[in-house]
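The C-terminal position of the sequence shown is numbered 186 in our numbering, with every residue numbered one higher than the one before it. A virtual CB, placed ideally from N, CA and C, is assigned to each residue, including glycine. Here the structure is a predicted model, which is why all the values come from computation and not from measurement. Report on the following structure.
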Amino acid sequence: MSFTEKIYSKWMKETQLNKYEGIFVEFIVPAAAKLRFESARVLDVGSGEGWFEDFLAGKGITPRLAVGVDASPHAQKNALFVLSDGNSLPFANEAFDIVVSFDTIHLIQNIHELVRVVKPGGFLLISDFCNPETMEGKRARLLKSFAGLKLLKEGVVGDERETDYVALFMKV
Numbered sequence: 015m016s017f018t019e020k021i022y023s024k025w026m027k028e029t030q031l032n033k034y035e036g037i038f039v040e041f042i043v044p045a046a047a048k049l050r051f052e053s054a055r056v057l058d059v060g061s062g063e064g065w066f067e068d069f070l071a072g073k074g075i076t077p078r079l080a081v082g083v084d085a086s087p088h089a090q091k092n093a094l095f096v097l098s099d100g101n102s103l104p105f106a107n108e109a110f111d112i113v114v115s116f117d118t119i120h121l122i123q124n125i126h127e128l129v130r131v132v133k134p135g136g137f138l139l140i141s142d143f144c145n146p147e148t149m150e151g152k153r154a155r156l157l158k159s160f161a162g163l164k165l166l167k168e169g170v171v172g173d174e175r176e177t178d179y180v181a182l183f184m185k186v
């Protein structure tokens with residue numbers, strides 16, 4: 015890894031962890047009784063180096079099963095990991111209680127794959143980076159893409175480095 019890649023990776027990890035903290039406070043804690051991460055089968059689509067799983071562990075939350083999916087061969091190696099992309103998930107229908115995807119939804123053409131693998135009564139927690147000019151368009155696309163699901167909460171998290179539109183859905 016080059017010096018530039020190391021610096022970017024450190025900056026990006028700090029930015030992501032800050033974002034996860036906002037998502038944790040605004041979305042996960044208020045819905046903790048419903049989400050039940052500790053007993054859940056969790057799929058992280060676009061898991062990268064597994065920073066979200068590390069973040070949860072730092073909060074004392076260990077899902078029953080955590081699976082990361084990423085198209086990069088340089089992605090996480092510290093958890094159950096599958097080299098794939100979000101367009102054709104190699105899992106059975108309704109295999110997961112919770113599906114999360116942070117900053118990758120814009121790369122997935124077949125968004126219904128995320129819905130397919132979450133069980134009825136399960137949750138999708140989705141974020142997409144945005145700015146004031148793009149937020150409404152990204153929000154509209156996400157809400158349209160997941161129109162068959164129940165929207166439980168939506169909002170914006172982040173700081174001056176990066177802002178995300180976040181939505182929590184339930185598959186009914």
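Status (buried if at least 16 other CB within 10 Å, exposed otherwise) for residue i
i: Ala127; result: Per the sequence presented here, residue 127 reads as Glu, with Ala not at that position. Buried is the call here.
i: Val39; result: exposed
i: Ala154; result: exposed
i: Val43; result: exposed
i: Asp142; result: buried
i: Glu63; result: buried
i: Thr148; result: exposed
i: Lys185; result: buried
i: Ser23; result: exposed
i: Lys33; result: buried
i: Gly72; result: exposed
i: Asp178; result: buried
i: Glu52; result: exposed
i: Ala80; result: buried
i: Glu67; result: buried
Bridge-paired residues (DSSP) for residue i
i: Leu70; result: According to DSSP, Leu70 bridges with nothing at all.
i: Leu182; result: Leu139 and Lys167
i: Phe110; result: Val132
i: Thr148; result: DSSP, once it has assigned bridges, lists no residue as partnering Thr148.
i: Thr177; result: Cys144 and Gly172
i: Asp58; result: Gly82 and Val114
Which listed residue (the options) has its alpha carbon closest to that of residue i
i: Ala46; options: Ile112, Ala80 and Ala85; result: Ile112
i: Ala85; options: Ala71, Gly100, Leu79 and Leu139; result: Gly100
i: Leu163; options: Leu138, Lys152, Asp173 and Val171; result: Leu138
i: Arg55; options: Lys27, Ala106, Glu176 and Thr118; result: Ala106
i: Glu176; options: Lys152, Lys48 and Asn145; result: Asn145
i: Val96; options: Leu57, Phe183, Phe69 and Ile119; result: Leu57
i: Leu165; options: Lys152, Ala181, Phe41 and Glu174; result: Ala181
i: Leu157; options: Val83, Thr29, Met26 and Ile119; result: Ile119
Simplified DSSP state of residue i, which is helix, strand or coil
i: Leu157; result: helix
i: Glu168; result: strand
i: Gly82; result: strand
Alpha helix (DSSP H) runs contained entirely in the region 113–144, provided each spans 4 or more residues: 126–131
Ranges of the alpha helix (DSSP H) found wholly within the region 24–55, counting only runs of at least 4: 46–49
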